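Asks:
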Amino acid sequence: MGKTNKYYTIFLGLFLLLNISGYSQQAQKPSLVEVLKQVETRYNIQFNYAQDVVENIFLDFPDETLGLADALNYLRQQTRLNFNVLDNAFVIISRPDDLMLCGFLKDESTQAPVAYATIQSGNDSEVSDESGFFNIKIERPTDSIEIRHIGYKPVKVQVSQFQNSTCEDIVLSQNIEALSEVLLSSYIVPGISKLNNGTFQIDVSKFDILPGLIDTDILQAVQAFPGIQSVNETVSNINIRGGTHDQNLILWDGIKMYQSGHFFGLISMYNPQITQKVSLQKSGSDVSLTDGVSGTIAMNTGSELNQDFTASVGVNFTDVNAFADIPIGKKSSIQVAARKSLSDWVKTPTYNTFFDRIVQDTEVTNNVDEVINSNQDFDFYDTSFRWLYHISEKDQLRLNFINTNNELMFDEVAVDNSEEISRRSSLKQNSIAGGLSYERTWSSKLSTSFEVYETDYKLEAINANVLDSQRFLQENKVSETSVRLKADHKISPQISLTNGYHFVETKVTNLDDVDVPIFRALISEVVRTHGVFSQINWSSKDKNTFAKGGLRFNYIDKFEKIIVEPRISFNHRLGKYFTLEVLGEFKHQYTSQIINFQNDFLGIEKRRWQLSNDNTIPILRSKQASVGIHYNKKGWLASLESFYKNVDGITTQSQGFQNQYEFVRTSGSYDAFGFDVLLRKRFKKTNIWMSYTFLNNDYEFDALPEQNFPSNFDITHAITLGSTYTTKSLKLSAGLNWHSGTPATPINTGQPIIDEQVNFGAANSTELNDYFRVDLSAIYKFNLGPKTKAQFGLSIWNVLDRNNKINRFFRIDENNVDRIIQNSLGFTPNATFRAYF
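Take the sequence shown: its letters are residues 0 to 836, numbered as in numbering that gives the first Met the number 0.
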């Protein structure tokens, strides 16, 4: 070995020895956390700090002979940290350059400390301790903090209201209705939770990302839950456990909506910028709700009074949209949101794909040989408005309004005697609704609410027959008024009662009007119902058991009929990781959608609303029950839920038959049973999940030759795989959707036509090909300026451009049977940009 190498080896050895020695000396010293614990015990005080402030600091214990003041001075000198002593024996530790805010949370009525509340300030959040104390970092003195706790109304407080020298008390008012608590958070992705009353909840403000979605499309997002499908990929045909879409109760701020989609079902008509929370109930719904024999989808705008002006503007490949939250003084604020399609200015690839999908095999594209369709145009818009007024600490008033519109227009052109003739056909779909809600908190134990709404839906088609110089007008109108009174009485911390009265008047009008020859058929019917409900809610002291049960008494005056409906929800924790859930309900509804002819409303919207007559169109009655067990530990979630549902009173007209029963009018029922499975693993930045649903769904029509056969919505197997990767600025998601083919009716190939009619085989005895789709999405967030944030998103629906068949039917054309196939959306890209102010 050379002399140089020797010196190098000796130098390296000394260097390692010194470092090991230094490390050993440092390792012998206790960490700051250990020192703080000893000081807390010695002087009977409590330190409060963020974990990152005290990490990687080592020092000796202060001398036991020192008093508290000298001991804290020693800690200041050794750590270079701030130690701020409060009168309550609290010591707040912070860095010298940190701006901190502290306070004590107390119950308004008992003055007891409120523990485990979440305090949010910008990107930082803290949780109050057992004494209600919190200490949080803030960026600017002009910021505000937001305080949330299940069981209390949320509070937003300006930092400027605090005095820098003290930790002030903040009083929280109890929310009597909030006995429900989060059972499973991040159920699929962050922002989706399962409550202990059986409800699934989407918090839009915390919502992460789902495959194929870059804007939070509310009704597309609910299809991520097991047991919810759409046989034709639309939000206007959501099937909850095998039910039809009209069997879903869709509420927007407590207002029943009879329309759900733009682009006639391809995207949701509910603006996610103003919608704060979405609740989904498959069974065990609250007794205050009526209708929705299959399930309930309830959307709600924010109920908080905001003190800061915020706004956002966005654009994607289908629409441009804007949102503004405007405070009016200290007691009032308004929110306004609007969307408008881009079709007036530009036809994007997404627009073209959507348009081709909705007009597929309809009169818009398929007219008689002598007629040419041209100048096809489509437009949609929606506006939403919310006004919140805090009259006093005990009184709140809220006004909500929504207006949505879809319009499709095209020209039918023909040549007659060398003269070109043109007439315009159109299809319009509109919903306009408004609601008023007044809530009064009489005491910590009693609160009441009064809700009234008016909702109006109109579907209108003008079908121009240019060859016969004929105009065919079709209209379907629904007008509904509702008044509900509700009282919540908290008997004890564990028990509360809900009682109330509900009146609903529904009017449905259907019009068919032909000008040549003159024909006019107008049918207008009204049904009024009175409901009285009572429910008891109970939770155990340890919060391990939750139960609610109640009865709803309904009187339908037109039929002089009383319907009694029990509801139940039970949830019990089995140890630390398992939870048992039991849900059940009876429900009814007297509105349903029927199809008179497949070419109604130009073949695009085939369904029209109609009232029950308690005879040929019975009142729908449902019975549901489900039992589930859930396991949640260290990021793992496993959920298994079995269910049974029977719905009686369905009609063949409401099921969309396109086989031998297309023009048959009779009533029957369906039975659906099966189970839903969800497996999810959450890592630090990654979420992976898999869901599976088994469904057996059969019809029973006593008056049909085949009394029992599979339902049109019997998707036996459905699997979803998905994953997300999320950082502070980037969100990525990919997913796979597969399900077995929907039922289909074959024809007799040996003799396909009998008496000029298609000769069908056994109803729904075959299936279409399996459905398979892969989706991708990505969102990137960034700052445009000191007070302006932005995000850019890209998504691809059906990445593989797979040709999925969603419907098949047969028609006779010149003594031949034509097989018509309707396909799903193909490769559909989308992009979005949004700026927040």
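Glycine included, each C-beta is placed from N, C-alpha and C at the ideal position.
Just so we're clear, the structure is a prediction, and the values are computed from it rather than from any experiment.
1. Mind reading off the beta-carbon distance from His501 to Gly548? Whole number of angstroms is fine, and I expect it under 8 Å.
2. Within the continuous alpha helix (DSSP H) that includes Gln609, where are the two ends?
3. Can you tell me which of Arg356, Arg470, Ser442 puts its alpha carbon nearest to the alpha carbon of Glu392?
4. If you draw a straight line from the C-alpha of Ser311 to the C-alpha of Asp343, how long is it?
5. Out of curiosity, what's the CA-to-CA distance linking Asp817 and Asn612?
6. What is the DSSP secondary structure of His67, counted as helix, strand or coil?
7. Under 7 Å Cβ to Cβ from Asp647, same chain only, skipping five residues before and after it: list those, please.
8. Mapping the DSSP letters down to three states, classify Ala220 as helix, strand or coil.
9. Report, in whole angstroms, the separation of the C-beta atoms of Ala834 and Leu783, which I expect to be a contact under 8 Å.
10. Take Arg527 as the anchor and find which of Ala546, Ser568, Val513, Val482 has the nearest alpha-carbon.
11. Taking C-alpha atoms, which residue in Ser446, Trp537, Ala463 lies nearest to Ser424?
12. Could you tell me which uninterrupted beta strand (DSSP E) segments, each at least 3 residues in length, are contained entirely in the segment 549 to 620, listed from first to last along the chain?
13. Which residues in the same chain as Asn43 place their Cβ atom closer than 8 Å to its Cβ, once the five residues preceding and following it in sequence are excluded?
14. Can you list, in chain order, the residues of its chain with a C-beta nearer than 7 Å to that of Asp142? Leave out the 5 residues immediately preceding and following it.
15. For Phe826, count neighbouring Cβ atoms within 10 angstroms of its own Cβ and tell me buried if that reaches 16, exposed if not.
16. Count the other CB atoms, across all protein chains shown, that sit within 10 Å of the CB of Tyr115; report buried if there are 16 or more and exposed otherwise.
17. List, from N- to C-terminal side, the beta strand (DSSP E) runs of 3 residues or more that fit wholly inside the segment 479 to 563.
18. Within 10 Å of its beta-carbon, does Ile19 have 16 or more other beta-carbons around it, so buried, or fewer, so exposed?
19. Hey, how far is the Cα of Gln657 from the Cα of Asn822?
20. Taking all protein chains shown into account, do 16 or more other C-beta atoms lie within 10 angstroms of the C-beta of Tyr22, making it buried, or fewer, making it exposed?
21. Using the three-state DSSP reduction, which class does Pro95 fall into: helix, strand or coil?
22. Which residue wins for smallest C-alpha separation from Glu418, given the options Val465, Thr382, Ile535?
23. Could you tell me whether the segment 757 to 772 touches the segment 795 to 804, where touching means 3 or more Cβ pairs closer than 8 Å?
24. Does the separation of the CB atoms of Glu580 and Gly294 fall below 9 Å?
25. Restricting to Cα atoms, I'd like to know which of Leu550, Ile567, His571 is closest to Ile561.
26. Might you give, ordered along the chain, the residues of its own chain that have their beta carbon closer than 6 Å to the beta carbon of Asp774, omitting 5 neighbours on each side?
27. Can you tell me where the beta strand (DSSP E) holding Asp324 begins and where it ends?
28. Just the C-alpha distance for Ser653 and Ser625, rounded to the nearest angstrom, thanks.
29. Quick one: what does DSSP say Gln706 is sitting in, helix, strand or coil?
30. Look up Ser424 in the DSSP assignment and say whether it is helix, strand or coil.
31. In the DSSP assignment, find the unbroken beta strand (DSSP E) run with Arg397 in it and report its ends.
32. To the nearest angstrom, how far is the alpha carbon of Val335 from that of Glu755?
33. Below 8 Å CB to CB, which residues in the same chain sit around Ala789 once its five sequence neighbours on both sides are set aside?
34. Hey, Gln275 and Asn299 are a contact pair by Cβ (cut 8 Å); roughly how many whole angstroms apart?
35. If I measure Cβ to Cβ from Ser539 and keep anything under 7 Å in the same chain, skipping five residues before and after, which residues do I get?
36. Rounding to the nearest angstrom, what Cα-Cα distance links Thr748 and Asn416 in this structure?
Replies: The structure says:
1. With 8 Å as the limit, His501 and Gly548 do not qualify as a contact, their Cβ atoms being about 18 Å apart.
2. That residue, Gln609, is in no alpha helix (DSSP H); its beta strand (DSSP E) goes 607 to 610.
3. Nearest option by C-alpha distance: Ser442.
4. 22 Å
5. CA-CA distance, Asp817 to Asn612, rounds to 37 Å.
6. According to the sequence displayed, residue 67 carries Leu and not His. Helix, per DSSP.
7. Arg620, Ser668
8. helix
9. 6 Å
10. Val482
11. If we check each option's Cα against that of Ser424, Ala463 comes out closest.
12. 560 to 573, 577 to 588, 590 to 593, 607 to 610
13. Ala88
14. Ser120, Gly121, Val158
15. With fewer than 16 other Cβ atoms within 10 Å, it is exposed.
16. exposed
17. Here the runs fully enclosed are 494 to 513, 518 to 538, 544 to 555.
18. Legend: pLDDT at Ile19 = 40, less than 50; position of this residue unreliable, no value from coordinates given.
19. Answer to the nearest angstrom: the Cα atoms are 16 Å apart.
20. Caution is warranted here: a pLDDT of 40 is assigned to Tyr22, below 50, making its placement in the model unreliable, and no coordinate value can be reported.
21. coil
22. Val465
23. yes
24. no
25. Leu550
26. Cβ within range, chain order: Pro210, Gly211, Gly734, Trp796.
27. Its beta strand (DSSP E) spans residues 318 to 327.
28. 26 Å
29. coil
30. strand
31. 394 to 415
32. 57 Å
33. Lys780, Phe781, Asn782, Leu783, Phe832, Arg833, Ala834, Tyr835
34. 6 Å
35. Closer than 7 Å at the Cβ level, and outside the excluded window around Ser539, lie Gln493.
36. 43 Å
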